Every structure is written in C-alpha cells, then in structure tokens.
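See structure below.
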Amino acid sequence: MKNPARRNGEKGFIALTSTVILSAALMLLMYSTSASGFYARFDAMAGEFKRISLGLSESCVNAALLRVAQNYQYVPASGGDVVPVGSETCIIRSVEHAAEDPLTRKKQVTIYTAAKYPAVGGSWSTSRITATAQNPIESVTQPAPVCLLQATPTTVQAGDPITVQWSASGNSIEFALMPAPAQAIANPADAQSGTRTFIAQSAGTVEFIGRAKSNAGVFSAPCTQTIEVTPAPALACADTVMMLDRTPAMQSTDLAHERSAARGLIDLYDLADSDPQIGVGSFVSYGISPATYANVSDAGWLSASYGALKSLVDSITAPIGAGGTCAGLSGCIDISEAIAGAHEELESVRHNAANQKVLLLVSNGKTNHPASDATDAALAAAELAKADGVEVYTVLYDGENAQTQDERTLMAQLASGSVPVPGYAEAGSEDNSATNANSGFLPPSAAHAPNTWTNATHAFSADSTYASDATSGHQQGYGNFNFAVPSDAILKGIEASITGFSASTEPEGESCEIETSLSWNGGGSWTSATKSVSLGDVEVVSVVGSASDTWGRAWTSEELSDGNFVLRLENTDCAGTKSASVNAVAVKVYYTVIDAELENDDGDNFFIVPPTSLASIADIFNTIGHAICPAAAPACANGADDDGDSFVDIDDPSCHVGETLSGAYSPTDSDEWTPPAPPPLPGAVISAAAISIGSWDQVISPNPQY
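According to this note's numbering, the stretch in the sequence shown is residues 14 to 719, in order.
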C-alpha cells in the first residue's frame, strides 16, 4: 500500500517548480517587450535627424544658386561657406564651374553642400546638383534676334575674293562675323544688313560664322556658311623676248649696263623649276634701205638654253650703224621692225601656248624709219603685237642724249596699259611720276642782237635806269637767263615780264605798244606767236604768256639754254613825242620733271632709266622679271598675294622691315604671310542677372566629407 504523505509531497514540488518556470517566462516576456520599445524609440529619432539634415543641405543648394546668380564666378571660401538656416546651419562645400559656351554664354555649375543635425551627435546629409548658369551680361528677358548669312561663291580658288552678305532682325544693333580678318561691326547703319569681301587664303574649308546682338544685349543663334577653297594654279613664267638696243646712241658703257641687265633676267629665269623660255634679239641702224634693222637670230630663239643665251648677250659689245639715207641718227633706226621681229618669234612654233607672251623693248625712243612716219609705224607694230596677246614692256634708255617729250611719249605708248597725252610721259590715269616746277622770274645778263635800243643793259634789273626807244620798228634782244631747267624736263609754258612806262608829251592816256617774241636758236628763228604789252604814263609790271602757253611751239630743255633762248622786244607804236622806257625784263619757264623712281614704281609697263643712274637698268629688268616670271621670284616680289590678305608684295606689311609699311621694303623676302589678329568678341550691354536650371541630380550620403 502506497504512502499517501509521500504522494502529497511530490505534488507540492511540482507545483512549486511550475510556478518558478511560469514566473521566469513571464519575466522574460516582460523584458523582451520593454527592450523592443526602447530601441524602436531610438530608430525613429535617427530618421528624423536625417530628414532635417537633408533639408538643411538642400537649403544650402538654394543659397549657392542665389550666390551664383549674384556672382557669376562665385566659389566658397576654403573649407566652405557656412549658411545659417534659422537656428541651424548648412555648408556650401564647393562650386565647380565648367567652361562657358562662347555662343550661348552659358556654363555648367556643379554645387556640393552638406548639413548635420543636431550639431552634436546628429546625422549628416550631402547634396550635389548640376545647374546651367546664364552669363549675367546676357539677358533672357527678350527673344533673341535672328540672322541670315550667305557667302558666294561657295567654291573659289585660293587668292580669289569671297563676298559675305548678312541680314538680321529683332532690334539688332551689332553683327559680328568670323573668321579673321573679320571685325565686329558696331555701326547701327550696318546692323540689319551688310556686305563684306574677303580673299580666300590657303586651300581647305572656310566656315563663316555670324551672330547678331539686339539692343537688349541678346545674341542670336549663329548663322553659318561653308566655303570650299581650292588650290591656286601654280605660278608660271611668260615666254619672253628681249629686244636690246645696239644703235650708235648706245655707247660702250651703255651696252655694258644693258648686257648686265639682260644676263640678270636670264639668271632669274634659270631659278624657276619649270625651265621657262626666254629669247634675245637686238636692233641696229643702217644707212641703206631696204635692210633688216632688227631680228631674233637662231641663237636667240625662245629656249631654256640659258648659257647659250648669255653668250649671245655677251657678244653685244659695240653699236652697229652708219650714216647715209637716214642721216641724223647715225643711220636708219626702225623701232617698228624691232617690235615686229620679237612679235614673230613669240608667234613661232617655239612658243608654249599655255604661257603668256612678253616683249621687253629697250630703246631711247628715237626712230626715223620708215621715213613716211616712223612713229606711227612703231605704234602700229605694237598694237598688232598686243592684239595677238603680247604684253609689251618698254625701258626708255639713253645714256648720252636726253630724250625729248615725243620720245618719252612714244615709249610710254608702246607699252601695254599706258596711253600718253601731251605733256606727260604717260596718261590714261593720273601720271604720278610728273612733278611740276618753274624757274621763277629770271633777268637776262646779256643784250642780244638785234641791238637797236638805247641803253639796253639798263633793263637787266629794276632800278632808276631805263632802256628806251622812240622809233617804231626798232628791236632789242635779251639772252642768258640761266634757267637751269633739267635736261629731261617737259616745257609747259613761258611768261615774260616787262616793267616800264611811256614817256610822252602827249595828253595822259597815250601809250606805247611793244611786241614780244622768243627765239630757240640764238635769234635764227622767232615764234610766230607774239604778245603785246602797253606802256602807259605810269610805270607798271606787265606779264604776257602763262604757265600753259608755249608761244605756239614745243620746246626742249636744250632750246632754253643761254646760247639758244632769246627774248625780243619790238617797238610797234612808240614814236614822235612818245618813247618806251623799260626798267626791267624777266622770263619764267614752267616745266614738268619726270621722276624716274616714281615712274618705275607706278605699276605699269613703262620704265625710265634715270640719266644719273644708268646702271639701274639691271634693277628695272629685275622688277620686270619678277612680274613676268613669278615662279622664280621671292614671295615679296612675285606679283602674287601669297598669304591671301589682299596685299601684294610692296603693299604687304610683311614684306617690309619690322612688318610695317613704314619699314624698308624687302623684295627678296620669301615670306609674305602675317598671321591675322583674332577677331574681337562683340561688345555687350550689362543687363540683369539670369540663371536657369538645366539639370539636377542629388546624392544623399552619410559621409561627412561633403
């Protein structure tokens, strides 16, 4: 039988154990519940701190955008700018500026900001945004203008012109055109439309870009046009024939200068890689007719045999000519045949049809054959050659005898592109080689036959003594005026001054009449044109003739010499109770001097060898050679616009010392190129600031470095 007490004790132990277990479970349950609530409270606080710090960081973004609007180049100080936000703060860490678009005047700005909340033990948030900022000098409050651009032709050769035309709308006040050498156009009259011309430079593609600006400073979108520039054709040399003067007017020293010049031109041709052709001929004078006065011999035919041609030139050591049927010029000189001989060679089978034809004629301009009209024959021969495409260059040369106006005129007219008029070496346009001058009124120093007046020498100067005559028909000559007119001068006019009065017992108002005339050969001949002078009862100065009056004839400077020039006074109505009293006489000569240096620089085909520098014929040949054979010439002397800036050789600053036109010209310079200055950006009117947001991205990070 089981013990009832033991059984009751076991039941009590079980109950106690259950109570302990239940209590422990209950305590564990209570602990778990309390810890979960505790930690949930802390997580909620951290999220709130992060939200507040992010808002603060975004506040600094807005502050940074405002500062960029106020200061287009804004960047925060080193370590960042602290921005107060109520009782809290945020930091603008950095602002990074990208390059500005030169056309839209906008740029990308990247802003980094950060904020922490609370300040102690709080949460960090950072932001990064990218914004598009408008340059504040541009206004976005007015629509941009519109521009149109057209360039023609769209395909050109290097060195050819390009015409650019534009128009603009939208209150445009300025238009800027690129590339160089364009400049901004600020004239309001040109704002709406305009035209400019450029010279195409090296081969390639050229893009013209234009922009208009409104009166509010708003720029248009660019208007563009592309031009294709093809290479310019290669420089070439003309087929050239030199026709050299070896008439008796050319002395041995003259021929030496001529030979040196001819050799120099052959050497210049030898420099060209294309082996251009050149020929040599000469003309002489003979005393028989008919005869051949000029030719191009077999040895002088067009060729690239430069050594043989120079040997032919070297053989021209003495003049050839004789007297006879064409006396006066040591024989017959036929310039027409000289031109025809060169023309014939340029038309021969040896001429390269692809090349220009050039005749270079050296002469003193003296011609007397054919006798019927040598001058007209020479002009006709030149015109015939020109009609066949021959470019004629003439070099006026006379080392011993000064050329007359007619000879200068003939040589100028023979040259291509030069049409002479009376009194000038050339014309057709203004003759910039001529300088007008005068001798001033000069007194005589000698009485000259006919000597029929009383005290003729008293008229040499104005004083209290007088030359006089009371017999009608009496004549008195005066000479030795010492004009000193240059030997190559062209006479333009003559004035004579007579100072005197009429001594008379007749009533007042009676006068003496005196006729004046001039001699050019020591009194052997007199001008048919005379000038009348009236002498009244009061002494006066009377001037006859004028600056353009040649008294009915053409004069040479030699005819004005003391041995040739004479002024004659003739008493034509002064007799009886009247007598002519002349206190002084004087003569003034007006003339034009041809400046050979200016003439040779005026860009035409007519050249003069200065009488004082005969050796300069070599320089003249070199100048001509650079024009007719540019392939052998340096860039600064080849007649081409090598750098496409519209300036050629001497007119290009790069061909002068110091690359300025005030510096000495350097024809041997082989570099004509000067890089043009970049065009300036058009000016602008400062207007209200503007900023636009082009994109925005945000990065949130607990990393406090931003």
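Just so you know, even glycine gets a beta-carbon here, dropped at the ideal spot from N, CA and C.
Remember, it's a predicted structure, so these values are computed and weren't measured experimentally.
Runs of the beta strand (DSSP E) lying entirely within the segment 440-499 and spanning at least 3 residues, in chain order: 447-451, 459-464, 480-482 and 488-492.
Between ASN468 and SER481 the beta-carbon gap is near 7 Å, inside 8 Å, which marks them as a contact.
Only exposed fits ASN84, as fewer than 16 other CB atoms lie within 10 angstroms of its CB. Cα atoms of SER215 and ALA312: separation of roughly 42 Å, rounded to the nearest angstrom.
Under the three-state reduction of DSSP, HIS364 is assigned to coil, being neither helix nor strand. DSSP, reduced to helix, strand and coil, places MET263 outside both helices and strands of the structure shown, so it counts as coil. In the three-state DSSP reduction, ILE240 falls in the strand class (E or B). By DSSP's assignment, LEU373 forms a beta bridge with MET255 and TYR406.
Residue pairing of LEU548 in beta bridges, as defined by DSSP: CYS525. At the C-beta level, ALA394 and ILE352 come within 8 Å of one another. Annotated three-state conformation of VAL595 is strand, per DSSP. Residue THR448 holds the alpha-carbon nearest to the alpha-carbon of ASP501 among ALA459, GLU508, THR448 and SER517. Between ARG581 and the set ALA472, ALA112, VAL133 and SER429, the nearest pair of CA atoms involves ALA472. Between the beta-carbon of SER524 and that of SER515 there is about 5 Å, and that keeps the pair under the 8 Å contact cut. For TYR319, no beta strand (DSSP E) segment is defined; the enclosing uninterrupted segment is the alpha helix (DSSP H) at 319-327. Going by C-alpha positions, PRO623 is about 11 Å away from LEU611. Under the 8 Å Cβ criterion, the segment 380-395 does not count as touching the segment 234-241, having fewer than three qualifying pairs. Taking the CA atoms as reference points, SER136 sits about 39 Å from ASP114. Excluding its 5 nearest sequence neighbours in each direction, ILE104 has C-beta neighbours in its own chain below 6 Å: GLY93, VAL95 and ALA127, listed in chain order. Residue range 348-359 is occupied by the alpha helix (DSSP H) that includes SER349. Taking ALA628 as the centre and dropping the five residues before and after it, the same chain places the C-beta of HIS270 closer than 7 Å to its C-beta, in chain order.
Annotated as distal: LEU268 and SER298, with beta-carbon spacing of 8 Å or more.
Leaving aside the five residues that flank GLY378 on each side, the residues in its chain whose CB is nearer than 7 Å to its CB run, in chain order, LEU409, GLN416, GLU420, ARG421, LEU423 and MET424.
Within a 10 Å sphere around the beta-carbon of GLY576 sit fewer than 16 other beta-carbons, which makes this residue exposed.
Taking every protein chain shown into account, the CB of GLU350 has 16 or more other CB atoms within 10 angstroms, so this residue is buried.
By the criterion of a C-beta distance shorter than 8 Å, ASN451 is surrounded in its chain by ALA560, LYS601, VAL602, TYR603 and TYR604, once the five residues flanking it on both sides are discounted. Distance from the CA of SER474 to the CA of ASP608, rounded to the nearest whole angstrom, comes to 34 Å.
Unbroken beta strand (DSSP E) stretches of 3 residues or longer found wholly inside the segment 615-676: 619-621, given in chain order.
The way I'd put it, the segment 249-258 doesn't touch the segment 208-225; fewer than three beta-carbon pairs between them come closer than 8 Å. ALA367 has its alpha-carbon roughly 22 Å from the corresponding atom of LEU374. With distances taken between CA atoms, GLY589 lies nearest to SER485 out of SER485, ILE507, SER683 and ALA251. Every beta strand (DSSP E) stretch that sits fully inside the segment 149-194 and reaches 3 residues is listed by chain position as 159-165, 168-170, 174-182 and 185-191.
Per DSSP, ASP586 lies in no alpha helix (DSSP H); the unbroken beta strand (DSSP E) holding it starts and ends at 579-586. Judged by beta-carbon spacing, ALA251 lies within the 8 Å limit of ILE641, meaning their Cβ atoms are closer than that value.
Annotation: the continuous alpha helix (DSSP H) that includes LYS399 extends over 387-400.
Between ASN596 and THR512, the C-beta gap is smaller than 8 Å, which places the two residues in contact.
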